[in-house]
Amino acid sequence: MCSIDWDDEIEAESADFHLTQFQDTAFSSDYKFVKVTTKGEPLVSDNGSFPVIFVAKITCERERQTILEMNRLGIPVPAVYGSVTNGSMTVLYEELVDGREIYHDPDINHWTELARTLARVHSVIPSFRSEKTFERIRDARAACQSKARLKSSFDYALSRLKAKPPHLVHGDMFPTNALVKEDGTVVLIDWADAGFASYVNDLGRLTGMIDMETLRPFCPCEDAVRDAYYEAVRDKIVYEDYVHDFYAGQFIETAAYYCPGELRGPFAIPSDRRYAEAVRGRLMEIAAKLTP
Numbered sequence: 000m001c002s003i004d005w006d007d008e009i010e011a012e013s014a015d016f017h018l019t020q021f022q023d024t025a026f027s028s029d030y031k032f033v034k035v036t037t038k039g040e041p042l043v044s045d046n047g048s049f050p051v052i053f054v055a056k057i058t059c060e061r062e063r064q065t066i067l068e069m070n071r072l073g074i075p076v077p078a079v080y081g082s083v084t085n086g087s088m089t090v091l092y093e094e095l096v097d098g099r100e101i102y103h104d105p106d107i108n109h110w111t112e113l114a115r116t117l118a119r120v121h122s123v124i125p126s127f128r129s130e131k132t133f134e135r136i137r138d139a140r141a142a143c144q145s146k147a148r149l150k151s152s153f154d155y156a157l158s159r160l161k162a163k164p165p166h167l168v169h170g171d172m173f174p175t176n177a178l179v180k181e182d183g184t185v186v187l188i189d190w191a192d193a194g195f196a197s198y199v200n201d202l203g204r205l206t207g208m209i210d211m212e213t214l215r216p217f218c219p220c221e222d223a224v225r226d227a228y229y230e231a232v233r234d235k236i237v238y239e240d241y242v243h244d245f246y247a248g249q250f251i252e253t254a255a256y257y258c259p260g261e262l263r264g265p266f267a268i269p270s271d272r273r274y275a276e277a278v279r280g281r282l283m284e285i286a287a288k289l290t291p
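The opening residue of the sequence shown carries number 0 in numbering that gives the first Met the number 0; numbering runs sequentially from there.
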């Protein structure tokens, strides 16, 4: 297309395309999302014609493999129109999903549909092996060292997660990565962090995280999500064990984004005392449910 320094520009033109970078760079991601609007004849690939508007995402081979697998299995993800790989970099051409982020959606039915979709994802035995190192365990451990109650809860949560066989997980199941379409379909986007880990990592991030503005969890219906997921897997695990797994994942994922005096993780957000206190309170709340 054309050479662009996206640190300086957010839009660009060529004879055939209009490009708009629509990812918020405050999230300090290694991956770039560009909306492509074609001006002339539609692009054509081996899979057929591209739509007039689509997404070009500079990402990794892991995401390309995972999203193609999800498409093959009928799990709601963006359609893929093509890709180009050059060394360690992959450009993925995919559907621009017209939907709203689920954390703006109070409809419990959409949240429980997402839970059931995650259960389908976690049951997938993919045709590839995606090696992915999760660093959140390290961040969660650092966050819990200053309080004995949190440290003991961390140790217990980690022991439960380590005892579980790894499953294919989304890897970044933040509520911004689930879009609700007009027909109610919940589409999972942004698979760059997919890998193999405990199934409750996805559930923990989806239900445990705190909104910096409201200081409340993003998920408005934690119990409904927990139980909807269980209904989809009830033939595989005893409910009491599942509940402890659920809160173990929630504790680890929430702790990984908090460390005394600072916020951790890929979101380069300045320290906020009110938020830190809210997250600490959230961790104590989860710890009470996690008590063996």
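Where a beta carbon is used, it is the ideal one built from N, C-alpha and C, also for glycine.
{"query": "With a threshold of 8 Å, are at least 3 pairs of Cβ atoms found where one atom belongs to the segment 222–231 and the other to the segment 270–286?", "result": "no"}
{"query": "Quick check on residue 289: does DSSP put it in helix, strand or coil?", "result": "helix"}
{"query": "Check residue 109 in the structure and name its three-state DSSP category.", "result": "helix"}
{"query": "Scan the segment 172–217 and note each continuous alpha helix (DSSP H) run of 4 residues or more that stays entirely inside, going in chain order.", "result": "199–207"}
{"query": "When DSSP labels each residue in this structure, what does residue 232 get in the three-state scheme?", "result": "helix"}
{"query": "For the beta strand (DSSP E) holding residue 53, just list the boundary residues, first then last.", "result": "52–58"}
{"query": "Do residue 62 and residue 177 count as a contact pair if the criterion is CB distance below 7 Å?", "result": "no"}
{"query": "Do residue 58 and residue 91 have their CB atoms nearer than 7 Å?", "result": "yes"}
{"query": "If I measure Cβ to Cβ from residue 172 and keep anything under 6 Å in the same chain, skipping five residues before and after, which residues do I get?", "result": "201, 204, 205"}
{"query": "Hey, out of 93, 286, 285, 121, whose CA is closest to residue 194's CA?", "result": "121"}
{"query": "DSSP state of residue 18, grouped into three classes?", "result": "strand"}
{"query": "One question on the structure: do residue 254 and residue 282 come within less than 7 Å of each other, judged by their Cβ atoms?", "result": "yes"}
{"query": "Using the Cα positions of residue 224 and residue 13, report the straight-line distance between them to the nearest angstrom.", "result": "45 Å"}
{"query": "Could you give the DSSP three-state label for residue 248: helix, strand or coil?", "result": "helix"}
{"query": "Between which two residues does the beta strand (DSSP E) carrying residue 11 extend?", "result": "10–12"}
{"query": "Contact defined as beta carbons within less than 8 Å: I believe residue 199 pairs with residue 245. What is the distance between those atoms, to the nearest angstrom?", "result": "6 Å"}
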